[in-house]
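Peer 1:
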Amino acid sequence: MLVFKNAFLIDGTGAAPLPNATVIISGKTIDAAGQNIKPPENAQVIDLKGKPLLPGFSDAHTHFGGSPLLERPGSVSRFTSYDYAEHCEAALSWGVTAMRSAGDFTPDIIEFRDEVNAGKHRSPRVLACGPFLQAKGGHPLSTVYFDDPVIAKGSIVSIDEKTDIDAEVGKLADLGVDWIKVMAGRKNKLKYPDDEVPGLTEKQLRLITDAAHKRGLPVMMHADDVGDLVRAVKAGADTVEHTINVATSDHEMTDEALRLLIDNKVWVVPTMTATKLHDGSAAEAPLVWPALLTAVRRMIQAGVRIGVGCDSGIPFLPRGECIHIETELLTEAGYTPLQAVTAVTGKNAEMLRSNDVFGTVTPGKAADIAVLGSNPLEDIRNTRDILMVLRDGAVVIDKLLSV
Ligand SMILES: [Zn+2]
């Protein structure tokens, strides 16, 4: 039994922080958390002396198979890129204890998730969607992957008018995916601006969500602009990824889009870090970050539910660290530091349909925990000040001795 005392507890539920809190961990699980709790006898007690204790962070949009050498996310297996271990280690060291794979080589990612669940790897928790469902001739296979046959086989389900969509979704369900990932965009992201490639029709998108939902699977849809976002929500998406991406000029968040998002209780994962860091890196590409920031501000003001993911695994994003950039950007878009911390912990777990398992420091939840050296509610950049990380009750990062 492990006990933290004198913690400044930010529990991930959105509640005000509790000073002088005690957190009791029994095996993999949080037994108790709050004030005036007496530690059991014979427990190992760590006095945090007022340091913040939070749930581990989660990254709701990542790609494990993105190698800095191979330069494309999700394109290759862990046996080819050897970088799943690097990805997991970077995440843990930055306090990330859960990640949703938003498209990776399959079935490797599913096998990897199962091995992680069996305790065979030092890794954050993994939720995985398997391959991307996309229109034949569309993004990403025919744009950024140049119709590579290995990627076509491992990472893509190509859909045209002859495809039996229900059967294809059924195969992924049988494989054990946690989510279905659909490309609802039509942009060629290597050509600017507004170069279109084939995209899935509204009817095809709806067939996919119907096939997924009847099997109990949620659907995440990639959108390059507000038009895609509206199509995705109308087709029944559960989460919309990106919102305003490189290679688009459809920037205006409309009242219709906001109303659809609210009415349908759809989450948006704006992956702001990726868009911000991409801006300016390709001379021909128009800048889109200011438009995305404005759009996220409007979504926050309207009360749209925002998920936190940064598209880590793509080449120019710092692994692990990027979730802290994304969290900081949420405060730029209008969240208070407490709202931003809640978004990247408890709310993200809710979006990932895992809030019965992790995401808050409350009794019965998995002991996935981050201890910080300074208070993120005073300065959101302090989420980076990681001193200790626990995953399922096991200490995986420990810098407490050095302070
Ligand atoms: Zn992605």
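For any residue, its number in our numbering is found by taking its place in the sequence shown, counting from 1, and adding 1058.
Virtual Cβ for every residue (Gly too), placed ideally from N, Cα, C.
Say yes only if the C-beta of Pro-1161 is nearer than 7 Å to one or more non-hydrogen atoms of ligand 1, and no if none qualify.
Peer 2: Indexing the sequence shown from 1 puts residue 1161 at position 103. Per the sequence shown, the amino acid found at residue 1161 is Gly instead of Pro. Within the cutoff, so yes.
Peer 1: Note the first and the last residue of the continuous beta strand (DSSP E) segment covering Phe-1115.
Peer 2: For the purposes of this step, residue 1115 is taken as residue 57 along the sequence shown, with counting starting at 1. Phe-1115 -> beta strand (DSSP E) spans 1115-1120.
Peer 1: Hey, would you say the C-beta of Asp-1369 is under 7 Å away from at least one heavy atom of ligand 1?
Peer 2: Your numbering for residue 1369 matches position 311 in the sequence shown. Within the cutoff, so yes.
Peer 1: Less than 7 Å between C-beta atoms, sequence neighbours within five positions excluded: which residues of the same chain meet that for Thr-1389?
Peer 2: Position 331 of the sequence shown, counting from 1, holds the residue named residue 1389. So the list reads Pro-1395, Ala-1398 and Ile-1438, once near-sequence residues are dropped.
Peer 1: Assign Pro-1207 to buried or exposed, taking buried as 16 or more other Cβ atoms, counted over all protein chains shown, within 10 Å of its Cβ.
Peer 2: Stepping through the sequence shown from its first residue, residue 1207 is reached at position 149. Exposed, by the Cβ-count rule.
Peer 1: Assign Gln-1397 to one of three DSSP states: helix, strand, or coil.
Peer 2: Position 339 of the sequence shown holds residue 1397. Reduced to three states, the DSSP call for Gln-1397 is helix.
Peer 1: May I ask you to report which of helix, strand or coil DSSP gives Leu-1185?
Peer 2: Taking the sequence shown and counting its residues from 1, the one referred to as residue 1185 is at position 127. Looking at Leu-1185 - three-state DSSP - the assignment turns out to be strand.
Peer 1: Between Arg-1158 and Gly-1367, which are expected to be in contact by the criterion C-beta below 8 Å, what is the C-beta distance as a whole number of angstroms?
Peer 2: As a working mapping, residue 1158 is identified with position 100 in the sequence shown. As a working mapping, residue 1367 is identified with position 309 in the sequence shown. Contact flag correct, Cβ pair sits at about 7 Å.
Peer 1: Return the residue from the list Pro-1077, Asp-1252, Ser-1151 and Gly-1114 that minimises the CA-CA distance to Asp-1456.
Peer 2: In the sequence shown, counting from the first residue as 1, residue 1456 sits at position 398. Nearest of Pro-1077, Asp-1252, Ser-1151 and Gly-1114 to Asp-1456, Cα basis: Ser-1151.
Peer 1: Output needed for Leu-1230: all residues of its chain with C-beta closer than 6 Å, excluding positions within five of it in sequence on either side, in chain order.
Peer 2: Position 172 of the sequence shown holds residue 1230. Here the set comprises Gly-1188.
Peer 1: Run through DSSP, which three-state label would Glu-1310 get?
Peer 2: To locate residue 1310, count along the sequence shown from 1; it is residue 252. Note: Glu-1310 maps to coil in three-state DSSP.
Peer 1: What are the residues that DSSP puts in a beta bridge with Gln-1262?
Peer 2: Working through the sequence shown from its first residue, we reach residue 1262 at position 204. Note: Gln-1262 sits in no beta bridge, so no partner.
Peer 1: Measuring straight from C-alpha to C-alpha, what distance separates Gly-1274 and Gly-1072?
Peer 2: For the purposes of this step, residue 1274 is identified with residue 216 of the sequence shown, where counting begins at 1. For the purposes of this step, residue 1072 is identified with residue 14 of the sequence shown, where counting begins at 1. If I take the Cα positions, the gap works out to 28 Å.
Peer 1: Can you check the region 1309-1344 for any alpha helix (DSSP H) of at least 4 residues that lies completely inside it and give the ranges in chain order?
Peer 2: Qualifying alpha helix (DSSP H) stretches, in chain order: 1313-1321 and 1330-1336.
Peer 1: Any heavy atom of ligand 1 closer than 7 Å to the CB of His-1197?
Peer 2: Taking the sequence shown and counting its residues from 1, one reaches residue 1197 at position 139. For ligand 1, not one heavy atom lies less than 7 Å from the Cβ of His-1197.
Peer 1: With H, G and I counted as helix, E and B as strand and the rest as coil, what does DSSP make of Asp-1426?
Peer 2: Within the sequence shown, the letter at position 368 stands for residue 1426. Here Asp-1426 sits in coil by DSSP.
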